[in-house]
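Engineer:
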Amino acid sequence: MTDKTKTAAAAADGVDYSQTLFLPQTEFPMRAGLPQREPELLARWAKIELYRKLREAGQGRDRFVLHDGPPYANGNIHIGHALNKVLKDLVTRSQQMLGYDSNYVPGWDCHGLPIEWKIEEQYRAKGLNKDDVPVVEFRKECRAFAEHWVDVQREEFKRLGVEGDWANPYLTMAYPAEAQIAREIMKFAETGQLYRGSKPVMWSVVEKTALAEAEVEYEEHTSDTVYVAFPVLAAPGPLAGASVVIWTTTPWTIPGNRAISYHHKIAYGLYKVTAAPENNWAKVGATYILAKNLAESVFKAAKVEAFELVADVEADQLAGLAAAHPLRGQGYDFVVPLLDGDHVTDDAGTGFVHTAPGHGREDFDIWMANGRMLAERGIETRIPYTVDADGRFTKEAPGFEGAQVITDKGEKGNANDVVIKALVEAGNIIARGRLKHQYPHSWRSKKPVIFRNTPQWFIAMDKPIGEAGAPDAADPKPVAGGNTDTLRNRALKAIKETEWVPAAGENRITGMIANRPDWVVSRQRAWGVPITVFVEKETKAILVDPAVNAAIAEAFEAEGADAWFTDTDGARFLKPYGYDPALYERVTDVLDVWFDSGSTHAFTLEKRPDLATRRVVDGGSDKVMYLEGSDQHRGWFHSSLLESCGTRGRAPYDIVLTHGFCLDEKGEKMSKSKGNVTAPQDVIKDSGADILRLWVAAADYSDDLRIGKEILKTFVETYRKLRNTMRWMLGTLAHFSEEIRVASPQTMPELERLMLHRLAELGPQVEEAYRTYDYKKVVFLLSQFMNTELSAFYFDVRKDALYCDPLSSHVRKSALTVVDHLFRCLTTWLAPILVFTAEEAWLERYPAEKVGEGSVHLERFAEAPESWLDPELAERWAKIRRVRRVVTGALELERAAKRIGSSLEAAPQVFVSDSDLYAALSGADLAEISITSGIRVENGEGPADAFRLAEVPGVAVVPHRAAGIKCARSWKYFDAATADPAYPQVTPRDARALKELGVRA
1 MTDKTKTAAA AADGVDYSQT LFLPQTEFPM RAGLPQREPE LLARWAKIEL YRKLREAGQG
61 RDRFVLHDGP PYANGNIHIG HALNKVLKDL VTRSQQMLGY DSNYVPGWDC HGLPIEWKIE
121 EQYRAKGLNK DDVPVVEFRK ECRAFAEHWV DVQREEFKRL GVEGDWANPY LTMAYPAEAQ
181 IAREIMKFAE TGQLYRGSKP VMWSVVEKTA LAEAEVEYEE HTSDTVYVAF PVLAAPGPLA
241 GASVVIWTTT PWTIPGNRAI SYHHKIAYGL YKVTAAPENN WAKVGATYIL AKNLAESVFK
301 AAKVEAFELV ADVEADQLAG LAAAHPLRGQ GYDFVVPLLD GDHVTDDAGT GFVHTAPGHG
361 REDFDIWMAN GRMLAERGIE TRIPYTVDAD GRFTKEAPGF EGAQVITDKG EKGNANDVVI
421 KALVEAGNII ARGRLKHQYP HSWRSKKPVI FRNTPQWFIA MDKPIGEAGA PDAADPKPVA
481 GGNTDTLRNR ALKAIKETEW VPAAGENRIT GMIANRPDWV VSRQRAWGVP ITVFVEKETK
541 AILVDPAVNA AIAEAFEAEG ADAWFTDTDG ARFLKPYGYD PALYERVTDV LDVWFDSGST
601 HAFTLEKRPD LATRRVVDGG SDKVMYLEGS DQHRGWFHSS LLESCGTRGR APYDIVLTHG
661 FCLDEKGEKM SKSKGNVTAP QDVIKDSGAD ILRLWVAAAD YSDDLRIGKE ILKTFVETYR
721 KLRNTMRWML GTLAHFSEEI RVASPQTMPE LERLMLHRLA ELGPQVEEAY RTYDYKKVVF
781 LLSQFMNTEL SAFYFDVRKD ALYCDPLSSH VRKSALTVVD HLFRCLTTWL APILVFTAEE
841 AWLERYPAEK VGEGSVHLER FAEAPESWLD PELAERWAKI RRVRRVVTGA LELERAAKRI
901 GSSLEAAPQV FVSDSDLYAA LSGADLAEIS ITSGIRVENG EGPADAFRLA EVPGVAVVPH
961 RAAGIKCARS WKYFDAATAD PAYPQVTPRD ARALKELGVR A
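Read left to right, the sequence shown gives residues 1 to 1001 (UniProt numbering).
1) With H, G and I counted as helix, E and B as strand and the rest as coil, what does DSSP make of Lys721?
2) Is Arg93 closer than 8 Å to Pro832 when the C-beta atoms are compared?
3) Would you call Tyr332 buried or exposed, if buried means 16 or more other Cβ atoms sit within 10 Å of its Cβ?
4) Note down the Cα distance separating Val86 from Asp700, rounded to an integer number of angstroms.
5) Apart from the five residues on each side of it in sequence, which residues of its chain come closer than 8 Å, Cβ to Cβ, to Cys804?
6) Using the three-state DSSP reduction, which class does Val479 fall into: helix, strand or coil?
7) Which stretch, first to last residue, makes up the alpha helix (DSSP H) that contains Asp682?
8) Roughly how many whole angstroms lie between the Cα atoms of Phe534 and Gln456?
9) Excluding the 5 residues flanking Glu120 on each side, which residues of the same chain have their C-beta closer than 6 Å to its C-beta?
10) In the DSSP assignment, what residue or residues form a beta bridge with Thr222?
11) Along the beta strand (DSSP E) that carries Tyr271, what are the first and last residues, could you check?
12) Tell me which residues share the same chain as Arg650 and place their Cβ nearer than 8 Å to its Cβ, disregarding the 5 neighbours each side in the sequence.
13) If you drop the 5 nearest sequence neighbours on each side, which residues of the same chain put their C-beta closer than 6 Å to that of Asp101?
14) What would DSSP say about His148, mapped onto helix, strand or coil?
15) Suppose the cutoff is 7 Å on Cβ atoms and the five residues either side in sequence are ignored; what does the same chain contact list for Lys966 look like?
16) How big is the Cα-Cα spacing for Val590 and Gly256?
17) Could you give the residue range of the beta strand (DSSP E) that holds Glu184?
18) Going by CA-CA distance only, name the one from Val529, Thr658 and Lys575 that's closest to Glu184.
19) Helix or strand or just coil, what does DSSP make of Val105?
20) Once DSSP output is grouped into helix, strand and coil, what is the label at Lys199?
21) Helix, strand or coil for Gln746? Go by DSSP, reduced to three states.
22) Do three or more CB pairs link the stretch 654 to 667 to the stretch 620 to 627 at distances below 8 Å?
23) Looking at the structure shown, is Gln19 part of a helix, part of a strand, or coil, going by DSSP?
24) Look at the alpha carbon of Val778 and the alpha carbon of Thr386, and state the distance between them as a whole number of angstroms.
25) Curious, which full-length alpha helix (DSSP H) runs of at least 4 residues does the stretch 557 to 591 contain?
26) Who are the Cβ neighbours of Asp914 in its own chain at under 6 Å, not counting the five residues just before and after it?
27) Roughly how many angstroms lie between the CA atoms of Pro39 and Lys118, to the nearest whole one?
28) Name the DSSP beta bridge partners of Met625, please?
29) Quick check: residue 1012 and Thr932, are their CB atoms within less than 8 Å of each other?
30) Between the alpha carbons of Ala550 and Pro609, how many angstroms are there, rounded?
31) Which residues mark the beginning and the end of the alpha helix (DSSP H) in which Ser809 is found?
32) Please report how far the alpha carbon of Met97 lies from the alpha carbon of Glu859, in whole angstroms.
33) With burial defined as no fewer than 16 other Cβ atoms inside 10 Å of the residue's Cβ, what is the status of Lys88: buried or exposed?
34) Is the Cβ-Cβ distance between His601 and Ile509 less than 8 Å?
35) Give the range of the alpha helix (DSSP H) segment to which Trp45 is assigned.
36) Looking at the structure shown, is His359 part of a helix, part of a strand, or coil, going by DSSP?
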């Protein structure tokens, strides 16, 4: 009996036997209609206050808190947001069902440049200038903009089925949050880690602010390149009259040059030009010092026709040299020393590195590391400010003042051209060119950035914590990983104490922390939390007074950070405590938004009772997880680690999980211009959020994830199969009640005990996969089990007994009991992934739950007792199923040849020569298992023309049509002589069923 034929079961005597079958009955629709059904379930969860019920259910349990990395409140969500939020929901829901109190409080990052930009765009459209508007008024408009997008994104995230405290999220712009962020930066001031210094930082000319590494992305860019000669000063012997040659992709930094770097392990030589074209920049007779490995490529670029090595140049010779600036006599009359640096290689260029300490991190580091030596040599160590905030040369770049490196539109300025022209006129350029390479761009404006020396506020990475004053850059830094109590060493230690998923994340963030410079925390903007410190004008010392700091925080609690901007002279916070505002500078820079988000633990995890934990590091058993994209190793994970280690001496998290990025179906980056964007809103509208959730769960999130229409089609099909399996179980269970439950598995038929064994095997595997955040394994295990072992095997075999057996049948009762166990396990195991479908199925199965405000999401994962395990039985049935494969294979050929219709028309002859397989079949009803009307098993090889499968040796099948007549109820073929005279059209089994139902033939 099959689903396709069951309703046609009508006998010749006029009885409609289909009405006597126990067919599936359910209102759970085959077509999901998720786009319509899901909002109804969301409304129900809101009505029953599911989030509150989850918290009540979790009382007294260990806590597993997923602290939300705040998305930026600017624009609709995209597919990356959907991936991130669904992953977080998989974590929190599964941890709750594993037995934790797994709380999720969503948050938003509300300050920063993108919002400022939007408001400035609105101003420009109205013909207004931001600088003409009071800063507090401007900030109010930024706040309103952020509030709008928080509300929009909140609804979009909820539509994904993400459960959380949406009514009480955290916002970095909330007054208490701004107050705590201010407290956090003041803690760094109190411990001497905060200082004001001058360093080259990545600067966006377009956005007029410094950028953190996390705000920069590298894009292809074409740069001007030049080979520049620095004439050697007062050198002995053959080096007299020679020039050191550098190569650079930033000619505009030449006015900022103060040194040349070399490496003592590189082999250098003095070369003489012996042949060159007329009027060539590199002229015959000129001598140049170059790395030996690079001399040929340099002279090729300089169009030199012939050259010769005059002499080797040793490192100690270079150490004593000094050069003239290539623009000497034009305001650049200082000495250019040669410095030994580990960053110099002979892989490309000339083997020498042009060193402009105001325009590069390594340039700055080597300059500062040699500060004392340079001063002893009488060399001025001050770093010039050659480029201003607008990307223009200042008066400290003599001869070039006003020329632009980058325009305010982000386009290339004229700085390179004027510098190159000056070098040509000075006779100190030997070649020029152009190079396509990866260059830093602002991720917001998509425009190139520059390295520029600016006064900024920093948090020291290597200064011993608690030491007063700014770090001395000329002093050797403590070694990373040593015993000195520095922020870097604290962070490196905390990384080792954290669980990283995947494990490769540990090495990635370790390398970043070990090699990063001091943290630039200041931004020259208006919409943010200010750096709430006062600086004594005379001594330049930061005012550290707990009473003043407390007053600032108290004001922020009541009024927000606007309180800082309304107190224009600092009198509000200084005078009450005996300080003269005229003697102090009130800092007006705002904090980097990464400091805001890095402080979220301080105003959420430590302030909210519902998030309070006693973590493993404190001797407890609670856990805190951070989960974001892999780019956050240099972003939120990074800033949170530094902020917490600097103020608390440890990481704010116990577990860090990272995921990849979303690409299109070809593995390409999504872009509106390419038309390859998959919007979560469209997927939800067309297919439903559960399809999107299934895609997230099934993917290997440790790598980049592909998505598109064709990929989604495969998940729609996967979902359809899972849903139909659940639907069949629901329909079948319409005939189940507790009165017919078979309490003891030991009394059940072997096939039912096999399914219970499989559940008992599967349960720990599913829970372990959830426990280790391996959601793709959960999808694989459950899809494989439901499609292959249930739909294609167990349900197929048992449909006959479930539909046709008498009410009193122990087989039927056992099968219904097992289906009940299957439904409860599978629905709870799928619930974190298919949140809507599992809930819909659960409420269909348990109508009282719907009335009583129940939910599958309030359940723990259903347990399959270990006592159900029966490895010996499973081993036997594995052999039986191997034989079954050969039988079904033979019948498929018969069906294809139209010699039979359904398998019930067959009664094959099975030959088994494999003794183990033959023994396994003892006592098994192979006809029932193979869904045939009869079967004959013989020990032997079978005829040569019998059907065989190479992968199942020792089994041969000879198909035969079933003899007898066709049962009008179950469609099995049987011997009419065995029929009950009262029911001649049906098998004796079916006759018993009809008698129990009181149906007469």
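We put the beta carbon where it would ideally sit given N, CA and C, even for glycine.
These numbers were taken from a predicted model, which means no experiment stands behind them.
Structural biologist: In terms of the structure at hand:
1) helix
2) yes
3) buried
4) 14 Å
5) Met1, Leu21, Phe22, Arg969, Ser970, Arg989, Asp990 and Ala993
6) Residue confidence is low: Val479 scores 49 on pLDDT, short of 50, so the model does not pin down where it sits. No coordinate-derived value is stated.
7) Pro680 to Asp686
8) 15 Å
9) Lys130
10) Lys436
11) Tyr268 to Ala275
12) Arg490, Ala494, Glu497, Val617 and Ser644
13) Gly58, Arg61 and Arg63
14) helix
15) Tyr973
16) 28 Å
17) From DSSP, Glu184 is part of no beta strand (DSSP E) but of the alpha helix (DSSP H) over Tyr175 to Glu190.
18) Val529
19) strand
20) strand
21) helix
22) yes
23) helix
24) 59 Å
25) 562 to 566 and 571 to 574
26) Gly954
27) 32 Å
28) Leu66 and Ile655
29) The structure shown does not extend to residue 1012, since the chain is modelled only from 1 to 1001, so the question has no answer here.
30) 23 Å
31) Element bounds for Ser809: n/a, residue is neither H nor E.
32) 6 Å
33) buried
34) no
35) Leu34 to Lys47
36) coil
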